[in-house]
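Chemist: Here the sequence shown is numbered in full-length UniProt numbering, starting from 1 and rising by one per residue.
Note that CB positions come from ideal geometry on N, CA and C, so glycine has one too.
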Amino acid sequence: MLLFYHRVPSNLSKEFDSQNSSTKAKALNRVEVTRSVGGLQAFVRAGLIRKKIVNQKKALDFIQPMSWAFKVNVVAYLPDSNGVLGLCTLTRGFLVQHEFFKRLMHYHNQMDKVIKVQSVYRSRQQASQYKALTRQTNVPISAIKVFLHLLNDSDLDFQGEIVLSRLRTEVVHLIRDNQQLDGHVNELDTKIALLVKNKITLDEVQRTSGGVVVLNLPLPNSTADDQDFNNLPPPKRSVMVTEKVKKVGKGVVLTLFGYTQMHREEFLLLKLFQRSIHEELAGVVSLSEFIMGKFTFINLLMQYGRGAKEHRYLKDLLGSVINETHFC
């Protein structure tokens with residue numbers, strides 16, 4: 001066999017070399033290399049996870065008898081499913097009530113903060129409604145309802161409020177003057193009675209207008225009484241108040257709160273009634289003791305209920321309760 005060798009031109013050899021280098025570069029940049037590395041990593045991770053699962057199964061072999069026991073108990077309780085459902089319902093209800101009570105106690109303990117948040121919210125809401133009323137053209141109905149009472153005010157209304165406030169002040173001053181005169185009359189009655197019994201002289205009675213008269217009468221020996229009084233516990237000591245002191249206290253309380261001429265004073269007086277009722281009824285153990293007792297809040301309520309406005313308020317507040325108690 002005859003072989004013929006032909007010499008390849010130089011330009012063709014250079015072209016072949018460039019093709020080989022480009023082919024090698026493409027082979028090096030192929031994605032199969034990356035895929036093979038990712039597959040190896042996935043294989044290793046899968047092996048580690050399988051090993052971890054096997055170890056967990058070995059560690060949890062003791063749960064299998066418990067699971068079988070649970071299944072047996074469930075099957076045993078299936079005939080009495082109504083009772084189980086009722087028990088589940090009671091449990092869920094208890095949990096819900098317990099959570100609600102915890103939330104309610106949290107709000108009760110943080111009552112000061114809750115009141116502040118409510119005040120800030122109401123003030124901002126009123127500010128936004130007032131801004132909508134003054135600046136917007138299409139005002140919502142809710143904003144109009146809040147400030148509707150201001151549309152009916154005029155100069156006559158303000159003048160009437162000023163006159164009413166002045167009259168209330170005059171009434172309070174007149175009531176105070178009447179109380180002073182009443183006390184002066186009671187003092188004169190006492191001195192006249194002592195004069196009749198020849199306990200004091202006429203000169204001492206005539207000096208009544210000049211101030212308080214100090215009687216030069218011998219003081220009784222009250223050391224034992226004072227000692228007994230001091231030995232009493234504070235609740236019983238506070239109960240031993242004379243009728244005169246109660247009357248003075250009633251006048252002072254009503255004067256202090258301006259005879260409920262303003263809403264703020266009326267609210268504070270009602271809060272005082274509430275506290276007085278709680279304090280005085282805390283020691284009452286029977287109905288007969290309540291009936292025979294002379295409580296300060298009853299006298300204050302009787303004095304408070306003499307006005308027409310207060311009478312209507314007490315009637316609306318307690319009328320239905322009294323009627324139900326009467327018919328029962």
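Are the beta-carbon atoms belonging to Phe273 and Leu300 less than 8 Å from one another?
Modeler: The sequence position of residue 273 within the sequence shown is 273, counting from 1. The sequence position of residue 300 within the sequence shown is 300, counting from 1. In contact: Phe273 and Leu300 (Cβ atoms closer than 8 Å).
Chemist: Quick one: give me the first and last residue of the alpha helix (DSSP H) that Arg168 is part of.
Modeler: For the purposes of this step, residue 168 is identified with residue 168 of the sequence shown, where counting begins at 1. It spans Asp155 to Val196 - the alpha helix (DSSP H) in which Arg168 sits, taken as one unbroken run.
Chemist: Just mark Ala143 as buried or exposed, buried being the case when its beta carbon has 16 or more other beta carbons within 10 Å.
Modeler: Your numbering for residue 143 matches position 143 in the sequence shown. Ala143 comes out buried.
Chemist: Could you compute how far the alpha carbon of Pro140 sits from the alpha carbon of Ala127?
Modeler: On the sequence shown, residue 140 is found 140 positions in, with the first residue counted as 1. On the sequence shown, residue 127 is found 127 positions in, with the first residue counted as 1. Using only the alpha carbons, I get a separation of about 14 Å.
Chemist: What three-state label does DSSP hand Gln64 in the structure shown?
Modeler: Residue mapping note: residue 64 aligns to position 64 of the sequence shown, counting from 1. In the structure shown, Gln64 sits in a helix (DSSP, three-state: H, G or I).
Chemist: Helix, strand or coil: which one does DSSP assign to Asn55?
Modeler: Translated into the one-based positions of the sequence shown, residue 55 becomes position 55. Asn55 falls in the helix class under three-state DSSP.
Chemist: Take the Cβ of Leu164 as the centre, count every other Cβ of all protein chains shown within 10 Å, and call the residue buried at 16 or more, exposed below.
Modeler: Taking the sequence shown and counting its residues from 1, one reaches residue 164 at position 164. Under this definition Leu164 is an exposed residue.
Chemist: Would you check if the distance between the CB atom of His311 and the CB atom of Gly319 is smaller than 8 Å?
Modeler: Here residue 311 refers to the residue found at position 311 of the sequence shown. Here residue 319 refers to the residue found at position 319 of the sequence shown. Cβ atoms of His311 and Gly319: not closer than 8 Å.
Chemist: Can you tell me the Cα-Cα spacing of Ile115 and Ile291, whole angstroms?
Modeler: Mapped onto the sequence shown, residue 115 falls at position 115. Mapped onto the sequence shown, residue 291 falls at position 291. If I take the Cα positions, the gap works out to 39 Å.
Chemist: Which two residues bound the contiguous alpha helix (DSSP H) that contains Leu148?
Modeler: Position 148 of the sequence shown, counted from the start, is the residue given in the question as residue 148. Neither: Leu148 is in no alpha helix (DSSP H) and is coded neither H nor E.
Chemist: Terminal residues of the continuous alpha helix (DSSP H) containing Arg124?
Modeler: As a position in the sequence shown, residue 124 is number 124, starting the count at 1. Start and end: Met111 to Arg135.
Chemist: Could you tell me whether the Cβ atoms of Gln129 and Val146 are closer together than 8 Å?
Modeler: In the sequence shown, counting from the first residue as 1, residue 129 sits at position 129. In the sequence shown, counting from the first residue as 1, residue 146 sits at position 146. Yes, they are a contact pair.
Chemist: Look at Leu254 and Gln303 and say whether their C-beta atoms are less than 8 Å apart.
Modeler: Indexing the sequence shown from 1 puts residue 254 at position 254. Indexing the sequence shown from 1 puts residue 303 at position 303. Taking 8 Å as the Cβ cut-off, Leu254 and Gln303 qualify as a contacting pair.
Chemist: Arg176 to Arg168, Cα distance in whole Å?
Modeler: On the sequence shown, residue 176 is found 176 positions in, with the first residue counted as 1. On the sequence shown, residue 168 is found 168 positions in, with the first residue counted as 1. Their Cα atoms are separated by approximately 12 Å.
Chemist: Expressed to the nearest angstrom, what Euclidean distance is found between the alpha-carbon atoms of Phe62 and Lys71?
Modeler: On the sequence shown, residue 62 is found 62 positions in, with the first residue counted as 1. On the sequence shown, residue 71 is found 71 positions in, with the first residue counted as 1. Approximately 15 Å, taken between the alpha carbons.
Chemist: So, for Ile277: in the same chain, excluding its five sequence neighbours on each side, which residues have a beta-carbon less than 7 Å away from its beta-carbon?
Modeler: Residue numbering aside, residue 277 sits at position 277 when the sequence shown is read from its first letter. Counting only Cβ-Cβ distances below 7 Å, and skipping sequence neighbours, we find Phe297.
Chemist: Should Gly293 and Val284 be called a contact, given that it needs their Cβ atoms to be closer than 8 Å?
Modeler: For this step, residue 293 is matched to residue 293 along the sequence shown. For this step, residue 284 is matched to residue 284 along the sequence shown. In this structure, the beta-carbon distance from Gly293 to Val284 falls below 8 Å.
Chemist: Looking only at its own chain, which residues have a Cβ that is under 8 Å from the Cβ of Leu174, when we skip the five neighbours before and after it?
Modeler: The residue labelled residue 174 in the question sits at position 174 within the sequence shown. No residues qualify anywhere along the chain.
Chemist: With H, G and I counted as helix, E and B as strand and the rest as coil, what does DSSP make of Val96?
Modeler: On the sequence shown, residue 96 is found 96 positions in, with the first residue counted as 1. Of the three classes helix, strand and coil, the one that applies to Val96 here is helix, per DSSP.
Chemist: What are the boundary residues of the alpha helix (DSSP H) that Ser286 is part of?
Modeler: Here the question's residue 286 lines up with position 286 in the sequence shown. Where Ser286 is concerned, there is no enclosing alpha helix (DSSP H), given that its DSSP letter is neither H nor E.
Chemist: Who are the near neighbours of Val196 in its chain, counting only those whose CB is closer than 7 Å to its CB and skipping five residues on each side?
Modeler: Along the sequence shown, read from residue 1 onward, the residue named residue 196 stands at position 196. Nothing listed; no residue qualifies.
Chemist: Report buried or exposed for Asn161, applying the criterion of at least 16 other Cβ atoms within 10 angstroms of its Cβ.
Modeler: By one-based count along the sequence shown, residue 161 stands at place 161. Per the sequence shown, residue 161 should be read as Glu rather than Asn. In this structure Glu161 is exposed. Its beta-carbon is surrounded by fewer than 16 other beta-carbon atoms within 10 angstroms.
Chemist: Where Ala76 and Val44 are concerned, what is the direct C-alpha to C-alpha distance, given to the nearest angstrom?
Modeler: Within the sequence shown, numbered from 1, the residue matching residue 76 stands at position 76. Within the sequence shown, numbered from 1, the residue matching residue 44 stands at position 44. Near 47 Å, if we compare the C-alpha coordinates of Val44 and Ala76.
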